[in-house]
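This report concerns only the one structure given below.
There are 2 protein chains.
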Amino acid sequence: MLRLSKLTDYATVLLAYMAKTNSHLHTAVELSEATTIHVPTVSKVLKVLSKAGLVYATRGSKGGYQLAQGPEQITVASIIGALEGPVAITECSSQTHDCEQASACEIKGNWGVVNRAIINVLESITLADMMVSQQQYSSEEIQVSWQGLSR
Amino acid sequence: MLRLSKLTDYATVLLAYMAKTNSHLHTAVELSEATTIHVPTVSKVLKVLSKAGLVYATRGSKGGYQLAQGPEQITVASIIGALEGPVAITECSSQTHDCEQASACEIKGNWGVVNRAIINVLESITLADMMVSQQQYSSEEIQVSWQGLSR
DNA sequence: TCGATATAGGACTAAATTAGTACTGTATAA
DNA sequence: TTATACAGTACTAATTTAGTCCTATATCGA
Numbered sequence: 815m816l817r818l819s820k821l822t823d824y825a826t827v828l829l830a831y832m833a834k835t836n837s838h839l840h841t842a843v844e845l846s847e848a849t850t851i852h853v854p855t856v857s858k859v860l861k862v863l864s865k866a867g868l869v870y871a872t873r874g875s876k877g878g879y880q881l882a883q884g885p886e887q888i889t890v891a892s893i894i895g896a897l898e899g900p901v902a903i904t905e906c907s908s909q910t911h912d913c914e915q916a917s918a919c920e921i922k923g924n925w926g927v928v929n930r931a932i933i934n935v936l937e938s939i940t941l942a943d944m945m946v947s948q949q950q951y952s953s954e955e956i957q958v959s960w961q962g963l964s965r
Numbered sequence: 815m816l817r818l819s820k821l822t823d824y825a826t827v828l829l830a831y832m833a834k835t836n837s838h839l840h841t842a843v844e845l846s847e848a849t850t851i852h853v854p855t856v857s858k859v860l861k862v863l864s865k866a867g868l869v870y871a872t873r874g875s876k877g878g879y880q881l882a883q884g885p886e887q888i889t890v891a892s893i894i895g896a897l898e899g900p901v902a903i904t905e906c907s908s909q910t911h912d913c914e915q916a917s918a919c920e921i922k923g924n925w926g927v928v929n930r931a932i933i934n935v936l937e938s939i940t941l942a943d944m945m946v947s948q949q950q951y952s953s954e955e956i957q958v959s960w961q962g963l964s965r
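The listed protein sequences derive, respectively, from chains A and B.
Its first residue numbered 815, the first sequence is counted upward by one per residue in the numbering used here.
Its first residue numbered 815, the second sequence is counted upward by one per residue in the numbering used here.
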């Protein structure tokens with residue numbers, strides 16, 4: 815597993831649609847029709863994205879949403895961050911948490927390495943990358959080198 | 815977020831303890847005392863790890879658990895896989911799922927790229943890596959290059 | 001062979017999280 | 001001033017996760 819929430823998934827679908835049809839402001843209703851996601855849910859997601867600064871919102875008649883940045887500037891990390899908060903794969907990884915098992919835990923802090931490696935991946939992939947093709951990539955094309963443990 | 819379950823976290827703590835004290839079989843009770851994780855939970859986790867082949871279990875009096883492989887051979891991906899199933903950050907990423915939004919979804923399949931990049935990271939880090947030090951690593955030490963979208 | 005020890009497997013309950021919806025408030029254009 | 005559209009918040013239902021318990025099976029040693 816290691817799963818993202820559905821709302822995060824919806825967010826990428828909505829952002830991708832906006833990126834493709836960049837010519838005008840998109841209302842929640844239009845986005846719902848284009849993506850088949852129910853209006854209240856579209857609305858919920860976009861409120862969050864707006865607060866996070868990923869989209870601009872214009873109120874009132876003739877209002878709607880538009881991307882605040884180009885698809886090349888919007889990273890997967892920023893989308894996840896907007897909807898789920900900072901990536902923290904365990905409670906240990908979260909900065910604001912005091913671990914109950916402190917003294918017994920030998921791993922303490924080392925999830926941080928894994929966490930940071932994942933954040934790096936997520937920051938290196940943008941909305942534009944996710945839109946380029948429906949093709950499957952072979953795993954040789956994804957190179958990850960992790961050098962955090964050399965000391 | 816993007817969070818692992820607590821059981822996965824417990825698993826790493828238990829495996830790390832076994833790796834450190836490799837000289838004998840460890841009963842669930844001993845592991846519980848060493849880690850402060852309650853016995854039923856220790857037991858639950860180890861059953862799963864045993865089924866996945868990460869530890870050997872010996873029943874009966876004088877029985878207990880031991881690592882099935884060296885800490886260098888046990889990857890973070892295999893630990894997560896044992897407790898949570900294969901890494902699949904969205905339903906789209908899971909191979910057995912048919913997406914309801916199929917026709918409307920432009921992202922379809924492209925979460926797969928992100929997913930595979932994360933799997934690569936998790937497969938590159940071992941239990942041994944997680945044990946070497948309590949130090950914090952700077953993020954420069956973790957290099958990720960992702961080349962999946964060059965075509 | 002019997003009893004003590006220890007894991008295997010499954011079922012069940014409670015807690016926490018996530019998803020989805022609804023309602024009230026505010027801004028804007030015509 | 002009216003219709004349109006987003007903002008903020010609260011609430012309920014559904015799902016997932018955590019934790020516990022019970023019964024079965026295997027092994028050792030007296």
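Every residue, glycine too, gets a C-beta built ideally from N, C-alpha and C.
Contacts that residue i makes with chain A (C-beta to C-beta distance below 8 Å)
i: B/Met944; result: Ile921, Asn924, Trp925, Val927, Val928
i: B/Val890; result: Val928
Per-residue contacts from residue i into chain A (C-beta, under 7 Å)
i: B/Leu818; result: Leu816, Ile903, Thr904
CB contact check: residue i to chain B, cutoff 8 Å
i: A/Ala931; result: yes
i: A/Ala825; result: no
i: A/Leu821; result: no
Residue i, enclosing alpha helix (DSSP H) - first and last residue
i: A/Thr855; result: 853 to 865
i: B/Thr826; result: 820 to 834
i: A/Ala896; result: 890 to 898
i: B/Gly926; result: 925 to 938
i: B/Ser875; result: B/Ser875 -> no alpha helix (DSSP H), and no H or E assigned at all.
i: B/Ala848; result: 842 to 849
i: A/Leu968; result: A question about residue 968 of chain A goes unanswered here, because the residues of chain A that appear run from 815 up to 965.
Anticipated Cβ contact below 8 Å, residue i with residue j, distance rounded
i: B/Ala848; j: B/Tyr870; result: Actually they are not in contact, since the Cβ atoms of B/Ala848 and B/Tyr870 sit about 18 Å apart, beyond 8 Å.
i: A/Val901; j: A/Ile933; result: 5 Å
i: B/Val927; j: A/Ile939; result: 7 Å
i: B/Ser892; j: B/Leu868; result: 7 Å
i: A/Leu1012; j: B/Ile894; result: A question about residue 1012 of chain A goes unanswered here, because the residues of chain A that appear run from 815 up to 965.
i: B/Met945; j: B/Ala833; result: 6 Å
i: A/Val856; j: A/Ser864; result: Their Cβ separation, rounded to whole angstroms, is 12 Å, which puts A/Val856 and A/Ser864 out of contact at 8 Å.
i: B/Val853; j: B/Val862; result: About 15 Å separates the two Cβ atoms, so there is no contact after all.
i: A/Leu839; j: A/Gly874; result: Wrong, their Cβ atoms sit about 11 Å apart, outside the cutoff.
i: A/Thr889; j: A/Glu937; result: 5 Å
Endpoints, beta strand (DSSP E) assigned at residue i
i: B/Gly878; result: 878 to 881
i: B/Gln869; result: Here residue 869 of chain B is Val; the residue named in the question, Gln, does not match the sequence. Residues 869 to 872.
Heavy atom of the ligand GTP within 7 Å of residue i beta-carbon
i: A/Ile894; result: Looking for the ligand GTP in the displayed structure turns up nothing, as the structure carries no ligands at all.
Neighbouring residues, chain B, relative to residue i (Cβ below 9 Å)
i: A/Ile893; result: Neighbours of A/Ile893 on chain B: none; closest Cβ ~11 Å, over 9 Å.
Neighbour flag for residue i against chain A, beta carbons, 8 Å
i: B/Val869; result: no
i: B/Met832; result: no
i: B/Tyr951; result: Unreliable placement is indicated for B/Tyr951, whose pLDDT of 47 sits below 50; the coordinate value is still reported in the next sentence. With 8 Å as the cut-off, B/Tyr951 counts as an interface residue toward chain A.
Check each residue of the segment 853 to 865 of chain A: if its Cβ is closer than 9 Å to any Cβ of chain B, include it; give the result in chain order.
none
Where the segment 874 to 888 of chain A meets chain B: residues whose CB sits under 7 Å from a CB there | none
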